[in-house]
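Some notes on the structure that comes next.
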Amino acid sequence: MRFLPGLICLLPLLSPMAHAELIDDVNDRGELRIALEANTPPFNFKDGDTLTGFEVELGQLLANELDVRADFIVTDEADLLQGVESGKYDVALNHIALTPELKDRFDVSEPYTQVNAQLLAKKDEQPRPMVLVQTLTEEKPKIGPPVELAIPFQKGNPAFHASLENALQRIRADGRLEALSKKWLSVQATEN
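To convert, count from 1 in the sequence shown and add 359; that's our numbering.
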């Protein structure tokens, strides 16, 4: 019986319910911490001192739909996913390709758009004025298939996942995602 007090102290750590759900943390803070780079136009970049771009506006819409404020944290590529994995950021919204490796490491949103992988410039390359999407009728031998972009977050947060998906669906359903895509990318958003 002398082990009982120690065991009782450990029970909350062993319980699956002990893990705080990400949506509760977001709601308690009143903000969605969104990691991104600020050097990849038209996705996210600084216009003077103002952070702007397709994913910045999408992040603001998502936060509004979750009824919290968007807290954009500018970081570098090396810290983006590691920061999401460690809980430093809630999500990364940085034109991240939906790959099997990403799905193994994180839970992810449904794709919010498709772009051509060859047109995604790295930070040390020249910025591009527009990103083009290959349609099924535009077969160009040097352009590969479109890449789906998704939003990664820590695994094991089903309530957050559902909330994020619902927010994204509302933004898609009422045409706001389409308008953002046309404004920034000159393309149509993916349909799901």
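Glycine included, each C-beta is placed from N, C-alpha and C at the ideal position.
Grab me the residues of ALA394's own chain with a C-beta within less than 6 angstroms of its C-beta, minus the 5 sequence neighbours each way, in chain order.
Numbered from its first residue, the sequence shown carries residue 394 at position 35. Only ILE432, THR434, LEU439, GLY442, TYR448 and ALA451 meet the Cβ criterion.
Same chain, Cβ closer than 6 angstroms to GLY418, five either side skipped, listed in chain order: Within the sequence shown, numbered from 1, the residue matching residue 418 stands at position 59. For GLY418, where only same-chain residues beyond five positions count, the Cβ hits under 6 angstroms are ILE393, ALA429 and LEU452.
(message) Does ASP387 come out as helix, strand or coil in the three-state DSSP assignment?
(response) As a first step, residue 387 is located in the sequence shown; it is residue number 28 there, counting from the start. It is helical.
Endpoints, the beta strand (DSSP E) within which VAL433 is located: Counting from one through the sequence shown, the residue named residue 433 turns up at place 74. Note, VAL433: beta strand (DSSP E), 428-433.
- Determine the burial state of THR472: buried for a count of at least 16 other Cβ atoms within 10 Å of its Cβ, exposed for fewer. The residue labelled residue 472 in the question sits at position 113 within the sequence shown. With 16 or more other Cβ atoms within 10 Å, it is buried.
According to DSSP, residues forming a beta bridge with VAL453
By 1-based counting over the sequence shown, the position of residue 453 is 94. At residue 453 the sequence reads Asn, which differs from the Val that was named. For ASN453, which the question treats as bridged, DSSP gives no partner whatsoever.
ask   = Counting pairs of beta carbons, one from the segment 511-519 and one from the segment 401-414, are three or more of them closer than 8 angstroms?
value = no
From the DSSP output, in three-state form, read off GLN513 for me. The sequence position of residue 513 within the sequence shown is 154, counting from 1. Here GLN513 sits in coil by DSSP.
| message | Do PRO511 and LEU461 count as a contact pair if the criterion is CB distance below 8 angstroms? | response | What you label residue 461 is simply residue 102 of the sequence shown in a count that begins at 1. What you label residue 511 is simply residue 152 of the sequence shown in a count that begins at 1. Contact flag set, yes.
Buried or exposed (CB count within 10 angstroms, at least 16 for buried), ASP466: If you number the sequence shown from 1, residue 466 lands on position 107. Buried, by the Cβ-count rule.
Query raised in the report: Helix or strand or just coil, what does DSSP make of LEU320?
Result: Summary: the structure shown does not reach residue 320, with the chain confined to residues 360 through 551, and so no result is reported for it.
| query | Is LEU527 helix, strand or coil by DSSP? | reply | Residue 527 sits at position 168 when you count from the first residue of the sequence shown. Three-state result, LEU527: helix.
| Cβ neighbour criterion (16 or more within 10 Å) applied to GLU436 | To locate residue 436, count along the sequence shown from 1; it is residue 77. So GLU436 counts as exposed.
| field | Rounded distance between the beta-carbons of PHE519 and GLU390, thought under 8 angstroms | value | Taking the first residue of the sequence shown as position 1, residue 390 is located at position 31. Taking the first residue of the sequence shown as position 1, residue 519 is located at position 160. In fact, because the Cβ distance is near 14 angstroms, the residues do not count as touching under 8 angstroms.
Residue range of the alpha helix (DSSP H) that ASP406 falls in? Position 47 of the sequence shown, counted from the first residue, corresponds to residue 406. It is not in any alpha helix (DSSP H) - ASP406 instead sits in the beta strand (DSSP E) that spans 403-406.
Next item on the list: State the Cα-Cα distance for the pair ILE455 and SER540, rounded to the nearest angstrom.
Entry: To locate residue 455, count along the sequence shown from 1; it is residue 96. To locate residue 540, count along the sequence shown from 1; it is residue 181. Answer to the nearest angstrom: the Cα atoms are 16 angstroms apart.
Do you know whose CA, among ASN403, ARG388 and ASP533, lies nearest ASP426's CA?
-> Taking the sequence shown and counting its residues from 1, one reaches residue 426 at position 67. It is ARG388 whose Cα lies nearest to the Cα of ASP426.
Fill in: Nearest residue (CA-CA) to ALA538, options ALA422, PHE413 and GLU524
Counted from its first residue, the sequence shown places residue 538 at position 179. Among ALA422, PHE413 and GLU524, the Cα nearest to that of ALA538 belongs to PHE413.
For ASP384 and ASP533, I'd like the C-alpha separation in whole angstroms.
Here residue 384 corresponds to residue number 25 of the sequence shown, with the count starting at 1. Here residue 533 corresponds to residue number 174 of the sequence shown, with the count starting at 1. Looking at the two C-alpha atoms, the distance is approximately 28 angstroms.
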